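Have a look at the structure below, then the notes.
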Amino acid sequence: MIPIGANEMLFLMQGLKWTVALAAIGFVGGGVFGILIALARTAKRKWSRTLTAGYIWVFQGTPLLMQLFVVYYGVALFGLSIPAWVAVAIAFTLHASAFLGEIWRGSIEAVPKGQTEAANALGLHYVSRMKDIILPQALKISLPATIGFLVQLIKGTSLAAIVGFIELARAGQIISNQTYRPLLVFTIVGLIYFALCWPLSRLGARLESRMAKAAR
Amino acid sequence: MLTSIQTDTPLISLTKVEKWYGAFHALKAINLSVRKGEKIVLCGPSGSGKSTLIRCINALESIQSGTITVDGTTLDNNSTSIDAVRREVGMVFQSFNLFPHMTVLENCTLAPMRVRGASKPDAERIARKYLERVRILDQAEKYPAQLSGGQQQRVAIARALCMEPNVMLFDEPTSALDPEMVKEVLDTMIALAVDGMTMICVTHEMGFARQVADRVIFMASGEIIEEATPEVFFTAPQHPRTQAFLGEILAHH
Chain C
1 MIPIGANEML FLMQGLKWTV ALAAIGFVGG GVFGILIALA RTAKRKWSRT LTAGYIWVFQ
61 GTPLLMQLFV VYYGVALFGL SIPAWVAVAI AFTLHASAFL GEIWRGSIEA VPKGQTEAAN
121 ALGLHYVSRM KDIILPQALK ISLPATIGFL VQLIKGTSLA AIVGFIELAR AGQIISNQTY
181 RPLLVFTIVG LIYFALCWPL SRLGARLESR MAKAAR
Chain E
217 MLTSIQTDTP LISLTKVEKW YGAFHALKAI NLSVRKGEKI VLCGPSGSGK STLIRCINAL
277 ESIQSGTITV DGTTLDNNST SIDAVRREVG MVFQSFNLFP HMTVLENCTL APMRVRGASK
337 PDAERIARKY LERVRILDQA EKYPAQLSGG QQQRVAIARA LCMEPNVMLF DEPTSALDPE
397 MVKEVLDTMI ALAVDGMTMI CVTHEMGFAR QVADRVIFMA SGEIIEEATP EVFFTAPQHP
457 RTQAFLGEIL AHH
């Protein structure tokens, strides 16, 4: 057996860097599109609600793994040659936008109706009503669920390994193959994921209990 | 009754207004005309359509037929008329509906800035004027949750006044309040009435109706059953349903 040294750890850290980058891209991209989806999903026009409901169903009803494949090979089908990380980033953005869109739709609808009525009675229009009144309150309501999804997304990045992308899990697999110490390597990999996700989970739980107290 | 500044031009008129919620006939052939400076108290049993009626006046509810005209603007489905009417009409809700993530001052300055295009200093000057008027200026930097119900409702009144409306609608403004806070809100409304504001109030506060109303309107099952001056309304109600309602409500006071 080959010992796990500084080189191996460095390789894992490079994988970690991609895991974090991928989750960040997915979260930011998904956040931007997710907010548009949430708004379209709560809009007055029926076609806009139906269309986005369909989008959400598709992405919630199929495995992330399949979504990665479809985007990775689908983009190649158009004759476009893009780096693996771009394809993966697109897939994660689409995936995250559907889930965040649905979380935020629920949060928008959870803001008491009286808020919209008061805004209407004051003559505030849609943009101000959303930007100044509804979304700030919806964002607060959505925080625990949003953070929960971020944790899922971080762990979900391990699936990017399937299209040959070397993130933390794939890096672990490579090191394990080189050193023949799978148990040790994957324990380290698991601990790194844990160190990343656990504080976020705790933060989500803390926010949730603080909100439950405020609602009393 | 208070002396009111009144003219003969109707500021608000409702003609043959009909409203359904699905199969439920919420408003039936409502005709109502309110002159500038007039104070109307709407009462009636729950589900009688009185809240629905005032919510139609600022287009929070749509109507199926009939016309509603406010200060020369007839409400239709285009947003221009709705905007014009909402600029003239302020509303106070039973559950206050203050914006919880904004301070009292921000609650009051948002709409003047966004709707009227007021600058921040101007909006704050106006807000302070009306917060002073409802005697809550000292709480301007607090958040709604830090205030009592009565204080919150006074802020809601100030927030509506900041848009400098010609008409104020009150939808059971004291119903959600603890008894000891009812008076401070009613006193604020009385002061507003004395200043000549045109007001339509849905309320069960019969003392307020006696003191302030030019007309009391009784509704039941979506219809206006009876309307009269407070003296006549309370001493000689004509319709049996009015008599029954007054019998019940006054027994509790």
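Note that the protein sequences, when read in sequence, are chains C and E. The numbering used here applies: residue 1 is where the first sequence begins, and numbers increase by one. The numbering used here applies: residue 217 is where the second sequence begins, and numbers increase by one. Just so it is clear, CB atoms sit at the ideal spot from N, CA and C, and this is done for glycine as well. Keep in mind it's a predicted model, so treat the numbers as computed, not measured.
Residue i versus the options, residue with shortest Cα-Cα distance
{"i": "E:Val448", "options": "E:Ala425, E:Met415 and E:Val371", "result": "E:Ala425"}
{"i": "E:Val371", "options": "E:Pro226, E:Ala239, E:Val250 and E:Gly306", "result": "E:Gly306"}
{"i": "C:Thr52", "options": "C:Ala98, C:Gln137 and C:Thr93", "result": "C:Ala98"}
{"i": "E:Ser262", "options": "E:Phe450, E:Ala436, E:Pro456 and E:Ile441", "result": "E:Ala436"}
{"i": "C:Thr157", "options": "C:Ile4, C:Leu124 and C:Ile90", "result": "C:Ile90"}
{"i": "C:Ala145", "options": "C:Val58, C:Phe33, C:Leu203 and C:His95", "result": "C:Leu203"}
{"i": "C:Gly61", "options": "C:Glu102, C:Asn120 and C:Leu196", "result": "C:Glu102"}
{"i": "E:Val418", "options": "E:Arg302, E:Lys255, E:Ala242 and E:Ala239", "result": "E:Lys255"}
{"i": "C:Gly30", "options": "C:Ile192, C:Val70 and C:Phe149", "result": "C:Phe149"}
{"i": "C:Ser107", "options": "C:Ala118, C:Val71, C:Arg41 and C:Phe92", "result": "C:Arg41"}
Short Cβ contact (8 Å threshold) for residue i with residue j
{"i": "E:Glu380", "j": "E:Leu321", "result": "no"}
{"i": "C:Ala23", "j": "C:Ile154", "result": "yes"}
{"i": "C:Ala169", "j": "C:Gln14", "result": "no"}
{"i": "E:Phe450", "j": "E:Ile441", "result": "no"}
{"i": "E:Thr414", "j": "E:Val250", "result": "yes"}
{"i": "E:Cys378", "j": "E:Pro328", "result": "yes"}
{"i": "E:Gly438", "j": "E:Gly238", "result": "no"}
{"i": "E:Leu269", "j": "C:Asn120", "result": "no"}
{"i": "E:Phe312", "j": "E:Gln369", "result": "yes"}
{"i": "C:Leu100", "j": "C:Gly34", "result": "yes"}
Extent of the continuous beta strand (DSSP E) to which residue i belongs
{"i": "E:Tyr237", "result": "Pro226 to Tyr237"}
{"i": "E:Gly306", "result": "Val305 to Val308"}
{"i": "E:Lys336", "result": "Run containing E:Lys336: none in the beta strand (DSSP E); it sits in the alpha helix (DSSP H), Lys336 to Arg349."}
{"i": "C:Ser176", "result": "First-last for C:Ser176: Leu168 to Thr179, but that is the alpha helix (DSSP H), not the beta strand (DSSP E)."}
Min CB distance residue i to chain E below 8 Å
{"i": "C:Gln137", "result": "yes"}
{"i": "C:Glu117", "result": "yes"}
{"i": "C:Leu122", "result": "yes"}
{"i": "C:Ser107", "result": "no"}
{"i": "C:Ala156", "result": "Note on identity: in this sequence residue 156 of chain C is Gly, with Ala being the wrong assignment. So, not an interface residue."}
{"i": "C:Ile133", "result": "yes"}
{"i": "C:Ser209", "result": "no"}
{"i": "C:Gly114", "result": "yes"}
{"i": "C:Ser97", "result": "no"}
Residue i at chain C interface by Cβ criterion, 8 Å
{"i": "E:Asp394", "result": "no"}
{"i": "E:Ser249", "result": "no"}
{"i": "E:Pro316", "result": "yes"}
{"i": "E:Met397", "result": "no"}
{"i": "E:Met217", "result": "Model confidence at E:Met217 stands at a pLDDT of 45, short of 50, so the residue's coordinates are unreliable and nothing is read from them."}
Segment limits, alpha helix (DSSP H) that includes residue i
{"i": "E:Val320", "result": "Val320 to Val331"}
{"i": "C:Leu150", "result": "Leu135 to Gly156"}
{"i": "C:Ala110", "result": "Ala84 to Ala110"}
{"i": "C:Val75", "result": "Leu64 to Leu77"}
{"i": "E:Arg370", "result": "Gly365 to Leu377"}
{"i": "C:Ile35", "result": "Ala6 to Arg41"}
{"i": "E:Thr390", "result": "Where E:Thr390 is concerned, there is no enclosing alpha helix (DSSP H), given that its DSSP letter is neither H nor E."}
Which residues DSSP lists as bridging residue i, in chain order
{"i": "E:Glu442", "result": "E:Phe434"}
{"i": "C:Arg129", "result": "None, per the DSSP bridge assignment."}
{"i": "E:Ile416", "result": "E:Ile256 and E:Leu385"}
{"i": "E:Arg251", "result": "E:Pro226"}
{"i": "E:Ser281", "result": "E:Glu234"}
{"i": "C:Thr187", "result": "Per DSSP, none; premise fails for C:Thr187."}
{"i": "E:Ile246", "result": "E:Val233"}
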